[in-house]
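2 protein chains.
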Amino acid sequence: MTDAGLTLRERKKLRTRHALVDEALRLFTEKGFAAATLDELVEAVEVSQRTFFRMFASKEDVALAPEKELWAAYSARVEAHPPGPSPLPDYVAALRAAVEEMADGWEARFLTSRALCDRTPALVAHSLRHCADVTDRVVALGLAPGQSELERRLLIELFLTAWRWALARWAEDGAPDRAALRSRMDDAFAALPDLAPLLSAAPRHEEARRGVHA
Amino acid sequence: MTDAGLTLRERKKLRTRHALVDEALRLFTEKGFAAATLDELVEAVEVSQRTFFRMFASKEDVALAPEKELWAAYSARVEAHPPGPSPLPDYVAALRAAVEEMADGWEARFLTSRALCDRTPALVAHSLRHCADVTDRVVALGLAPGQSELERRLLIELFLTAWRWALARWAEDGAPDRAALRSRMDDAFAALPDLAPLLSAAPRHEEARRGVHA
DNA sequence: ACGCTTATGCCGGTGACTGGCACTATCTCT
DNA sequence: AGAGATAGTGCCAGTCACCGGCATAAGCGT
């Protein structure tokens, strides 16, 4: 599946790319993201810095490679099947499918990347922005003329928050394999309908104004 | 209000801080965030780079100063009045109050900062992370033992998405003053209850699984 | 085997950020 | 008011991410 009809050049490139990701995750985990230098990384993989920067946009980029892979697959899914008027289930389905189509061993790299992210503010920032970029592209997809874009954004944010919650539970789990991730996703997404009653008690203007002058 | 019982040292420090923010916004807007160098900035304000970095954590930090100010005020409000079992109106009220207590001229700086942010990916990343940091601190506040943290996070994300929506509308508005911002906030937060019916149609497992094997 | 494309390496430069240390301005206490 | 404590500031030198340009080599189609 990895080398399906690829030319030798492309395969070589992919190989060094994977080597860079693996070594980066190892190195960053061992020494910390800030303390580890790119020189160490590229020397370990035996490529030049220039090559690194042609494959990755930044030091953060390589650390978040597994996550970007996932969102790329998700993006492709959503573009292939643009969501209908009730998009939430479609988003969820696309993400589930994306998780399933990741290569073998992806979950281990992803987990390492997440752990790194949790203790590295710079990585959090990049992760959030990438997610926001994907969201921006996805929101516009299959949006009927009369439909509200705000509504879409709200639903997507709920979906993302549930996903992040599932991730956090998964990471602190004893068995961080793909089945466990699926199960955490089930739990998190199942909680979404329970939110409805809390929204009908949404702020009316009188209450809000009272807060202003408090 | 600005110089309320502050020592001379503190007032001086605040003055250079404000000068740095103003000049930074001017410079970044004129030349672009990446193209403008810190040397230009500190030379214009006549301070050393070292001083700059004692006041701001990074180049991004100074560009997002108005936003950080707002979230600091918001944070303080929420900490002063921890939200009850239906936290959404409390969050909204806290943000409205925070907007009102900003100093004169804040909205102009904030708008400039937002415009800059919109065309500078690095600023988006930092902005999102800061917001996430605030969220993390706020979620735990006033959370009763039996209450679900996930539920809180979901509500806060809705709240934040509505806020960002209000900001975007405000920015493209003809009159970006504080009254207009209030009005946009009203509109955006009023849309939240409409989301409830869309949640009852949340994903069931069968639908989701179908997507997986598609 | 031959050009053509593409990836890579090397080199030098820029600019954000940091630690150390001396210096000066402000504060505080008597 | 003056002396010592307490910041805040400037200067300098260093590290490191990142990006041009150009030469080289490795893979590709004919």
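Chains as they are written, first to last, in our numbering: chain A, 11 to 224; chain B, 11 to 224. Glycine included, each C-beta is placed from N, C-alpha and C at the ideal position. Computed from a prediction, not measured in an experiment: that's the story for all the values here.
*asked:* In chain order, what are the residue ranges of uninterrupted alpha helix (DSSP H) at least 4 long that sit wholly in the segment 45–120 of chain A?
replied: Fully enclosed alpha helix (DSSP H) runs of 4 or longer: 48–55, 59–65, 69–73, 75–90, 98–111.
Could you please give the first and the last residue of the uninterrupted alpha helix (DSSP H) stretch that includes threonine 145 of chain B?
-> Locating residue 145 of chain B in the second sequence gives position 135, where the first residue counts as 1. Unbroken alpha helix (DSSP H) run through threonine 145 of chain B: 131–149.
field: Cβ-based contacts, 7 Å cut-off: residues of the segment 84–109 of chain A near chain B
entry: Ser96, Leu98, Pro99, Val102, Ala103, Ala104, Arg106, Ala107
- Task: Report all residues from its chain with a CB closer than 8 Å to the CB of alanine 181 of chain A; omit the five preceding and five following residues, and keep chain order.
- Result: To locate residue 181 of chain A, count along the first sequence from 1; it is residue 171. Leu121, Arg124, Ala125, Asp128.
**OP:** Would you grab the beta carbon distance between alanine 104 of chain A and tyrosine 84 of chain A for me? Rounded to a whole angstrom, and I think it's under 8 Å.
**Re:** What you label residue 104 of chain A is simply residue 94 of the first sequence in a count that begins at 1. What you label residue 84 of chain A is simply residue 74 of the first sequence in a count that begins at 1. Right, their Cβ atoms sit about 5 Å apart.
Interface residues of chain B around tryptophan 175 of chain A at Cβ under 8 Å? Along the first sequence, read from residue 1 onward, the residue named residue 175 of chain A stands at position 165. In chain order: Leu160, Arg163.
Exercise for review: Name, going along the chain, the residues of the segment 115–147 of chain B whose beta-carbon falls closer than 7 Å to a beta-carbon of chain A.
Suggested key: Pro131, Val134, Ala135, His136, Leu138, Arg139, Ala142
Checklist entry - Does the separation of the CB atoms of valine 148 of chain B and valine 88 of chain B fall below 8 Å? => result The residue you call residue 148 of chain B lines up with position 138 of the second sequence. The residue you call residue 88 of chain B lines up with position 78 of the second sequence. In this structure, valine 88 of chain B lies closer than 8 Å to valine 148 of chain B by Cβ.
**Report entry** Which listed residue (B:Leu209, B:Leu18, B:Leu98, B:Arg139) has its alpha carbon closest to that of glutamate 70 of chain B
**Finding:** Your numbering for residue 70 of chain B matches position 60 in the second sequence. The shortest C-alpha separation from glutamate 70 of chain B is found at B:Arg139.
Please state the DSSP three-state secondary structure of glycine 221 of chain B. By one-based count along the second sequence, residue 221 of chain B stands at place 211. In this predicted model, glycine 221 of chain B has a pLDDT of only 41, less than 50, meaning its place in the structure is not dependable enough to derive any value.
Quick one: Cα of valine 52 of chain A to Cα of phenylalanine 62 of chain A, how far?
Here residue 52 of chain A refers to the residue found at position 42 of the first sequence. Here residue 62 of chain A refers to the residue found at position 52 of the first sequence. So the alpha carbons of these two residues sit roughly 7 Å apart.
Margin query: Going by DSSP in three states, serine 193 of chain A sits in which element: helix, strand or coil?
Written below: The residue you call residue 193 of chain A lines up with position 183 of the first sequence. Helix at serine 193 of chain A.
- Report the rounded CA-to-CA distance for serine 58 of chain A versus phenylalanine 169 of chain B, giving the unit in angstroms. The residue labelled residue 58 of chain A in the question sits at position 48 within the first sequence. The residue labelled residue 169 of chain B in the question sits at position 159 within the second sequence. Distance between the alpha carbons of serine 58 of chain A and phenylalanine 169 of chain B: 46 Å.
Thinking C-alpha only, which one of B:Leu165, B:Leu202, B:Arg174, B:Phe199 is nearest proline 95 of chain B?
Against the second sequence, residue 95 of chain B aligns to sequence position 85. Nearest option by C-alpha distance: B:Leu165.
Query raised in the report: When the distance is taken between beta carbons, is alanine 150 of chain B closer than 8 Å to alanine 176 of chain B?
Result: Position 166 of the second sequence holds residue 176 of chain B. Position 140 of the second sequence holds residue 150 of chain B. Taking 8 Å as the Cβ cut-off, alanine 176 of chain B and alanine 150 of chain B do not qualify as a contacting pair.
By the 10 Å Cβ neighbour count, where 16 or more other Cβ atoms means buried, how is threonine 17 of chain B classified, buried or exposed? Residue numbering aside, residue 17 of chain B sits at position 7 when the second sequence is read from its first letter. Exposed, because fewer than 16 other Cβ atoms sit within 10 Å of the Cβ of threonine 17 of chain B.
Out of A:Pro186, A:Lys22, A:Ala29, A:Asp183, which one is the CA nearest neighbour of alanine 73 of chain A? Looking up residue 73 of chain A in the first sequence gives position 63. Of A:Pro186, A:Lys22, A:Ala29, A:Asp183, the residue nearest in Cα terms is A:Ala29.
Of all the CB atoms in chain A, is at least one closer than 8 Å to the CB of alanine 206 of chain B?
To locate residue 206 of chain B, count along the second sequence from 1; it is residue 196. Chain A contact via Cβ: present.
Straight-line Cα distance separating alanine 172 of chain A from proline 208 of chain B | The sequence position of residue 208 of chain B within the second sequence is 198, counting from 1. The sequence position of residue 172 of chain A within the first sequence is 162, counting from 1. Note on residue identity: the sequence assigns leucine, not proline, to residue 208 of chain B. Distance between the alpha carbons of leucine 208 of chain B and alanine 172 of chain A: 16 Å.
_Nearest neighbour of serine 68 of chain B, chosen from B:Glu159, B:Ala154, B:Ala132, B:Ala206 [CA to CA]_ = Against the second sequence, residue 68 of chain B aligns to sequence position 58. Answer by Cα proximity: B:Ala132.
- Message: For a contact defined as C-beta to C-beta under 7 Å, what are the partners of alanine 154 of chain B on chain A?
- Response: In the second sequence, the residue the question calls residue 154 of chain B occupies position 144. Neighbours of alanine 154 of chain B on chain A: none; closest Cβ ~14 Å, over 7 Å.
Notebook entry, point to check: With respect to the alpha helix (DSSP H) encompassing aspartate 32 of chain A, which residues constitute its N-terminal and C-terminal limits?
Noted result: Position 22 of the first sequence holds residue 32 of chain A. Aspartate 32 of chain A -> alpha helix (DSSP H) spans 18–41.
**OP:** Compute the minimum distance between the beta carbon of glycine 156 of chain B and the heavy atoms of the ligand COA, and state whether it is under 7 Å.
**Re:** The ligand COA is not part of the structure shown, which contains no ligands of any sort.
Glutamate 77 of chain B: buried (16+ other C-beta within 10 angstroms of its C-beta) or exposed? Counted from its first residue, the second sequence places residue 77 of chain B at position 67. Glutamate 77 of chain B comes out buried.
* Asked: What is the residue span of the alpha helix (DSSP H) that glutamate 167 of chain B lies within?
  -> As a first step, residue 167 of chain B is located in the second sequence; it is residue number 157 there, counting from the start. Residues 159–181.
Tell me the rounded alpha-carbon separation between alanine 135 of chain A and alanine 135 of chain B.
Your numbering for residue 135 of chain A matches position 125 in the first sequence. Your numbering for residue 135 of chain B matches position 125 in the second sequence. Between alanine 135 of chain A and alanine 135 of chain B, the alpha-carbon positions lie close to 5 Å from each other.
Is there a Cβ from chain B that is less than 8 Å from the Cβ of threonine 47 of chain A? Along the first sequence, read from residue 1 onward, the residue named residue 47 of chain A stands at position 37. Closer than 8 Å: no.
| message | Using a Cβ-Cβ distance cut-off of 8 Å, determine whether glutamate 182 of chain B contacts chain A. | response | Locating residue 182 of chain B in the second sequence gives position 172, counting from the first residue. Output row for glutamate 182 of chain B: interface = no.
**Prompt:** When the Cα atoms are used, what is the spatial distance from arginine 27 of chain B to methionine 65 of chain B?
**Reply:** Residue 27 of chain B sits at position 17 when you count from the first residue of the second sequence. Residue 65 of chain B sits at position 55 when you count from the first residue of the second sequence. So the two alpha carbons sit approximately 7 Å from each other.
- Task: Pull up the CB-CB distance for leucine 205 of chain A and glutamate 56 of chain B, whole angstroms please, since I reckon it's below 8 Å.
- Result: For the purposes of this step, residue 205 of chain A is taken as the residue at position 195 of the first sequence. For the purposes of this step, residue 56 of chain B is taken as the residue at position 46 of the second sequence. Rounded, the Cβ-Cβ distance is 53 Å, inconsistent with contact.
Tell me which same chain residues have a C-beta within less than 8 Å of the C-beta of valine 144 of chain A, skipping the five on either side of it?
One-based indexing of the first sequence puts residue 144 of chain A at position 134. Excluding residues within five positions, the ones whose Cβ falls inside 8 Å are Trp81, Tyr84, Ser85.
Is the distance from the Cβ of glutamate 117 of chain A to the Cβ of aspartate 196 of chain A below 8 Å?
Position 107 of the first sequence holds residue 117 of chain A. Position 186 of the first sequence holds residue 196 of chain A. Their beta carbons are not under 8 Å apart, which means glutamate 117 of chain A does not touch aspartate 196 of chain A by this criterion.
- request: Check whether the Cβ atoms of arginine 119 of chain A and leucine 202 of chain A lie closer than 8 Å to each other.
  value: One-based indexing of the first sequence puts residue 119 of chain A at position 109. One-based indexing of the first sequence puts residue 202 of chain A at position 192. 8 Å or more divides the Cβ of arginine 119 of chain A from the Cβ of leucine 202 of chain A.
To which residues of the same chain is glutamate 33 of chain A closer than 8 Å at the C-beta, ignoring the five residues directly before and after it? In the first sequence, counting from the first residue as 1, residue 33 of chain A sits at position 23. Excluding sequence neighbours, glutamate 33 of chain A sits near Leu51, Ala54, Val55.
8 Å is my cut-off, CB to CB: does alanine 212 of chain A come that close to chain B? As a first step, residue 212 of chain A is located in the first sequence; it is residue number 202 there, counting from the start. Since pLDDT at alanine 212 of chain A reaches only 45, below the 50 mark, its modelled position is unreliable, and the value read off the structure follows with that caveat. Answer yes: the Cβ-Cβ gap between alanine 212 of chain A and chain B drops below 8 Å somewhere.
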